[in-house]
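Following: one structure in structure tokens, then a few remarks.
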Amino acid sequence: SNFIGVKWEKEALVPRVRRKERSRTSRPKAPKRPMFCPSTMPDASPLRLSTLLERGARLQPDNLLVEKTATGYSTTSYAAHAVAARALALALQASGVARGHRVATFCWNTNRHLACYHAIPLMGAVCHPLNIRLGPTELAWILGHADDRVAIVDAVLLDVFSRIPKEGLAGLHAVVVCGVDDTPGGW
324 SNFIGVKWEK EALVPRVRRK ERSRTSRPKA PKRPMFCPST MPDASPLRLS TLLERGARLQ
384 PDNLLVEKTA TGYSTTSYAA HAVAARALAL ALQASGVARG HRVATFCWNT NRHLACYHAI
444 PLMGAVCHPL NIRLGPTELA WILGHADDRV AIVDAVLLDV FSRIPKEGLA GLHAVVVCGV
504 DDTPGGW
């Protein structure tokens, strides 16, 4: 038989006819595919955290962010979350954090940490989450190496954070403690 497969040509499949005998070791080439595939993402706005924060607050303001706490559940709406993130960004700017500065977070995965995750890049600073499972010596080295200006710490992790040697904390200008009484939004 002279039929050996199909060939991709100008968006149509055209049967290929054998021109010469192929050796058994050579494989036929794969059909060529079109090089351009249109994107499924809208090109109207860039994909940034600030865009996602604003979009959630605009399109789904009453949807809830639910957090499991020791005393039950804590909820906050997307609209309230956006307000809290902007307020935190303004507070950090007022405390001297500027574009390009690094802000460490030493927090559990909570709504307050999500507010930090949005607020810090929103103001142009760099969010630097610290691993809560590391020891004091490692955390001291990481804080010094990263040159963090401010650290945001969960109240329940303050005991662990206080064990960090003073040399590691020397570069910090401020430590913000959040969640003192485990109430929603407890800064």
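Just add 323 to wherever you are in the sequence shown, counting from 1, and you've got our numbering.
All C-beta atoms in this analysis are idealised placements derived from N, C-alpha and C, irrespective of residue type, glycine included.
C-beta contact flag for residue i and residue j at 8 Å
{"i": "residue 411", "j": "residue 427", "result": "no"}
{"i": "residue 500", "j": "residue 476", "result": "yes"}
{"i": "residue 376", "j": "residue 408", "result": "yes"}
{"i": "residue 398", "j": "residue 406", "result": "no"}
{"i": "residue 502", "j": "residue 456", "result": "no"}
{"i": "residue 384", "j": "residue 400", "result": "yes"}
{"i": "residue 467", "j": "residue 491", "result": "yes"}
Residue from the options whose Cα sits closest to the Cα of residue i
{"i": "residue 473", "options": "449, 459, 389", "result": "449"}
{"i": "residue 446", "options": "401, 467, 421, 406", "result": "421"}
{"i": "residue 463", "options": "493, 437, 436, 435", "result": "493"}
{"i": "residue 460", "options": "406, 394, 489, 497", "result": "489"}
{"i": "residue 497", "options": "468, 425, 371", "result": "425"}
{"i": "residue 404", "options": "380, 491, 495, 372", "result": "380"}
{"i": "residue 392", "options": "469, 432, 481", "result": "432"}
{"i": "residue 429", "options": "471, 419, 386", "result": "471"}
Bridge partner(s) assigned by DSSP for residue i
{"i": "residue 392", "result": "395"}
{"i": "residue 497", "result": "473"}
{"i": "residue 415", "result": "DSSP, once it has assigned bridges, lists no residue as partnering residue 415."}
{"i": "residue 400", "result": "387"}
Residue i CB to nearest heavy atom of the ligand COA below 7 Å
{"i": "residue 415", "result": "The ligand COA is not part of this structure, which contains no ligands at all."}
### Query
In the region 420–490, which residue ranges form an unbroken alpha helix (DSSP H) of at least 4 residues, counting only runs that do not cross its ends?
434–445, 459–469, 481–485
### Task
Report yes or no: do the region 431–441 and the region 485–497 share at least 3 C-beta pairs separated by less than 8 Å?
no
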